[in-house]
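**Q**
Numbering (the working numbering), first residue to last: 1 to 231.
As structure tokens, this is what we get:
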């Protein structure tokens, strides 16, 4: 009996959706079309990325006893990576990058579009922009500043035996790939479909018209003895 009641409920839901399937289809197709247009005509973004490895050379070992030299070197490397990640996002570093580029670039623009991701002793530097050349040029400016002025920043951080190695040189890639665009279009379309289903049930709830014998029996609490078919 319980299974039968569940089946009846599902059939009732199906009838509600079938009565307004055009509305569900219209909203879903409209969301698909609008999402596709926005994805194809929207602004394209690019990201230039490079990877740095940070290390601290352990002090020379003195004596024949163990002093955790390597451990403290690793720990210092992680602290140095934390500090350097903040330096790379500073206006002072952005000003040095701007000077390296050979043309004036607003330092706030460099700071705003620069993202740093730290993984233990590795730093991923990512610069985003709408033009593929601009992020790459800024990333190459980062590289030149690191190669030429790193000692000045290490002196500021009071680091004597730190090392920074660029293990992945700057490369630029499109951020909004076709796979990402397809996923966004799909998610928006699915969201619109479920929103349309919710709207259909809301409209059915607000609609006080009686359409079939089940609704009559539910309202009156008595069985229907006969029906006149629609012509």
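All C-beta atoms, glycine included, are put in the ideal place defined by N, C-alpha and C.
Based on the DSSP secondary-structure assignment, which residues constitute the bridge partners of residue 149?
**A** Working through the chain shown from its first residue, we reach residue 149 at position 149. Answer by DSSP bridge pairing: none, since residue 149 is not bridged.
**Q** Cutting at 8 Å between CB atoms, please list the residues of its own chain near residue 101, excluding the five before and the five after it.
**A** Along the chain shown, one-based indexing puts residue 101 at 101. Here the set comprises 137, 138 and 141.
**Q** Could you say which of 46, 39 and 53 lies nearest to residue 114 if we only look at CA atoms?
**A** Position 114 of the chain shown, counted from the start, is the residue given in the question as residue 114. Out of 46, 39 and 53, 46 has the C-alpha closest to the C-alpha of residue 114.
**Q** DSSP puts residue 47 in a beta bridge; with which residues?
**A** Reading the chain shown from its first residue, position 47 is the one you call residue 47. Answer by DSSP bridge pairing, in chain order: 128 and 173.
**Q** Taking the beta strand (DSSP E) that residue 115 falls in, what are its first and last residues?
**A** Locating residue 115 in the chain shown gives position 115, where the first residue counts as 1. Here the beta strand (DSSP E) through residue 115 covers 114-119.
**Q** When DSSP labels each residue in this structure, what does residue 55 get in the three-state scheme?
**A** In the chain shown, the residue the question calls residue 55 occupies position 55. Correct three-state label for residue 55: strand.
**Q** For residue 162, which of helix, strand or coil comes out of DSSP?
**A** As a position in the chain shown, residue 162 is number 162, starting the count at 1. Note: residue 162 maps to strand in three-state DSSP.
**Q** Could you give the DSSP three-state label for residue 2: helix, strand or coil?
**A** Within the chain shown, the letter at position 2 stands for residue 2. For residue 2, the predicted structure reports a pLDDT of 49, less than 50, and the residue's modelled location is therefore unreliable. The matter cannot be settled from this model.
**Q** Would residue 252 be called buried (16 or more neighbouring beta carbons within 10 Å of its own) or exposed?
**A** Residue 252 cannot be examined here, being either before or after the span of the chain that is shown, 1 to 231.
**Q** If we ignore side chains and look at the alpha-carbon of each, how far apart do residue 16 and residue 25 end up?
**A** The residue given as residue 16 occupies position 16 in the chain shown. The residue given as residue 25 occupies position 25 in the chain shown. Whole-angstrom Cα-Cα distance: 14 Å.
**Q** Can you tell me which of the three DSSP states residue 123 falls into?
**A** Translated into the one-based positions of the chain shown, residue 123 becomes position 123. Reduced to three states, the DSSP call for residue 123 is strand.
**Q** Which residue's Cα is closest to the Cα of residue 91: 162, 80 and 153?
**A** One-based indexing of the chain shown puts residue 91 at position 91. Considering only alpha carbons, the answer is 153.
**Q** Answer yes or no: does any C-beta atom of chain C fall closer than 8 Å to that of residue 86?
**A** Judged by its chain identifiers, the structure shown contains no chain C, having just a single protein chain.
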